[in-house]
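Structure record follows, encoded as structure tokens.
Residue numbers (full-length UniProt numbering), protein chains in the order written: chain A, 1 to 191; chain B, 1 to 191.
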């Protein structure tokens, strides 16, 4: 299963079996039951997670007590509250398993050691953050430019399998819809 | 003036005078008059810019013909449309000088050569993207969680010099306000 992680590294930089075995030693593997929380608001954000299988979501609780999902991570995605992780600060977010999940985790001190020991991992994480930041820039544009309904249409046309896979109330929480409104839009699109 | 760039690199990785001189050779320096555009919608996004002095903004034009500013970059900040830059694609954005500016620019092929020639620059850009992505994650939270007025209050309390420096109509364009509405809020806050 950690073969998936090796393949992900190899998208950006070559790595031998031996090097990968040394790199993998910096990580712990963790099985996460469905609906279990890996992080809760107010806790210090200790870990960076790489998803081997399953699906995580990041959310925060609004003043009105609603769960607002901000991110999902499926296979080959990294997830953490990056600001709190880097500075070892309490987080404003929750991270929860949407499906039973299998993840690799690393803490900030180990990640820094890993990067110093394996400079090629600097290249790997440079790409990971670069792609994530690029996607985030486009997302900010969509948040300004698109109505929530248009963002839903964008999601369904660009990530149809994802929209099928994730429970509808979480898609609604991501879009800032009520589940009822999402269900209305879906009916409208079908007819 | 390029000393500023050297100092910025040194925040993340040590670099000798000689190395820096080789690194700097990958960049061109460009003076940008106030209101000049470095990038226009529909053009291939060729360059990544580092601001030595002045201020750039990134914006797009909405369907209604409004300029929506999404980012500013002052001294020590990088700016590009990262998705279009990496893939050498036409952009949906404009980049414009808000003040007379002095920038360093690098194209995608040269940046890739630079990273292969100087692995320590992988570490530098890993930090640049990591910090930018972390800030972007918090910004997405604010976009969901805060009203536009709260975002303005956050801006003025966390970045007071920035709010003083940038023309008010651009702050309005960043927040998605009309200039009239911003002026009303400012009056209300003063009274």
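No residue lacks a Cβ here, since even glycine has one placed at the ideal position from N, Cα and C.
Partners in chain A for residue i, counting only beta-carbon separations shorter than 9 Å
i: residue 140 (chain B); result: 70, 71, 136, 139, 140 and 143
i: residue 62 (chain B); result: 144 and 145
i: residue 86 (chain B); result: 130, 131 and 134
For residue i, the three-state DSSP class (helix, strand or coil)
i: residue 79 (chain B); result: strand
i: residue 101 (chain A); result: strand
i: residue 40 (chain A); result: coil
i: residue 173 (chain A); result: helix
i: residue 50 (chain A); result: strand
Where the alpha helix (DSSP H) containing residue i begins and where it ends
i: residue 163 (chain B); result: 160-165
i: residue 113 (chain A); result: 108-117
i: residue 182 (chain B); result: 179-190
i: residue 24 (chain A); result: 17-24
i: residue 6 (chain A); result: 3-10
Under 7 Å by beta carbon: chain A residues contacting residue i
i: residue 176 (chain B); result: 144
i: residue 112 (chain B); result: Within chain A, no residue comes near residue 112 (chain B); the closest Cβ sits about 11 Å away, beyond 7 Å.
Rounded separation between residue i and residue j - CA only
i: residue 82 (chain A); j: residue 44 (chain B); result: 31 Å
i: residue 178 (chain A); j: residue 115 (chain A); result: 43 Å
i: residue 119 (chain A); j: residue 127 (chain B); result: 13 Å
i: residue 147 (chain A); j: residue 176 (chain A); result: 11 Å
i: residue 132 (chain B); j: residue 134 (chain A); result: 10 Å
i: residue 9 (chain A); j: residue 187 (chain B); result: 53 Å
i: residue 75 (chain B); j: residue 52 (chain B); result: 5 Å
i: residue 91 (chain A); j: residue 5 (chain B); result: 32 Å
i: residue 137 (chain B); j: residue 70 (chain B); result: 14 Å
i: residue 37 (chain A); j: residue 22 (chain A); result: 29 Å
i: residue 30 (chain B); j: residue 48 (chain B); result: 12 Å
i: residue 42 (chain B); j: residue 61 (chain B); result: 12 Å
i: residue 77 (chain B); j: residue 129 (chain B); result: 11 Å
i: residue 152 (chain B); j: residue 191 (chain B); result: 16 Å
i: residue 13 (chain A); j: residue 99 (chain B); result: 40 Å
i: residue 7 (chain B); j: residue 180 (chain A); result: 53 Å
i: residue 55 (chain B); j: residue 89 (chain A); result: 31 Å
i: residue 19 (chain B); j: residue 144 (chain A); result: 42 Å
i: residue 1 (chain A); j: residue 156 (chain A); result: 29 Å
Inter-residue CB distance, residue i and residue j (contact presumed, cutoff 8 Å)
i: residue 94 (chain A); j: residue 40 (chain A); result: 6 Å
i: residue 166 (chain B); j: residue 72 (chain B); result: 7 Å
i: residue 58 (chain B); j: residue 79 (chain B); result: 6 Å
i: residue 32 (chain B); j: residue 101 (chain B); result: 4 Å
i: residue 173 (chain A); j: residue 68 (chain A); result: 6 Å
i: residue 96 (chain A); j: residue 46 (chain A); result: In fact, because the Cβ distance is near 16 Å, the residues do not count as touching under 8 Å.
i: residue 139 (chain A); j: residue 140 (chain B); result: 7 Å
i: residue 162 (chain A); j: residue 106 (chain A); result: Rounded, the Cβ-Cβ distance is 25 Å, inconsistent with contact.
i: residue 142 (chain B); j: residue 154 (chain B); result: 7 Å
i: residue 171 (chain A); j: residue 149 (chain A); result: 13 Å between Cβ atoms; not a contact.
Beta-carbon neighbours of residue i, restricted to chain B and to distances below 8 Å
i: residue 83 (chain A); result: 134, 135, 137 and 138
i: residue 165 (chain A); result: Residues of chain B passing the Cβ test: none, with the nearest at roughly 22 Å.
Continuous beta strand (DSSP E) stretch holding residue i: start and end
i: residue 89 (chain B); result: Premise fails: residue 89 (chain B) is in no beta strand (DSSP E) and is neither H nor E.
i: residue 60 (chain A); result: 56-61
i: residue 70 (chain B); result: 67-73
Proximal chain B residues relative to residue i, where beta-carbon distance stays under 9 Å
i: residue 119 (chain A); result: 119, 120, 122 and 123
i: residue 17 (chain A); result: Chain B residues near residue 17 (chain A): none, gap ~22 Å exceeds 9 Å.
Where residue i meets chain B, residues with beta-carbon distance less than 7 Å
i: residue 126 (chain A); result: 122, 125, 126 and 129
Chain-ordered neighbours of residue i on chain A, where CB pairs are closer than 8 Å
i: residue 92 (chain B); result: 141
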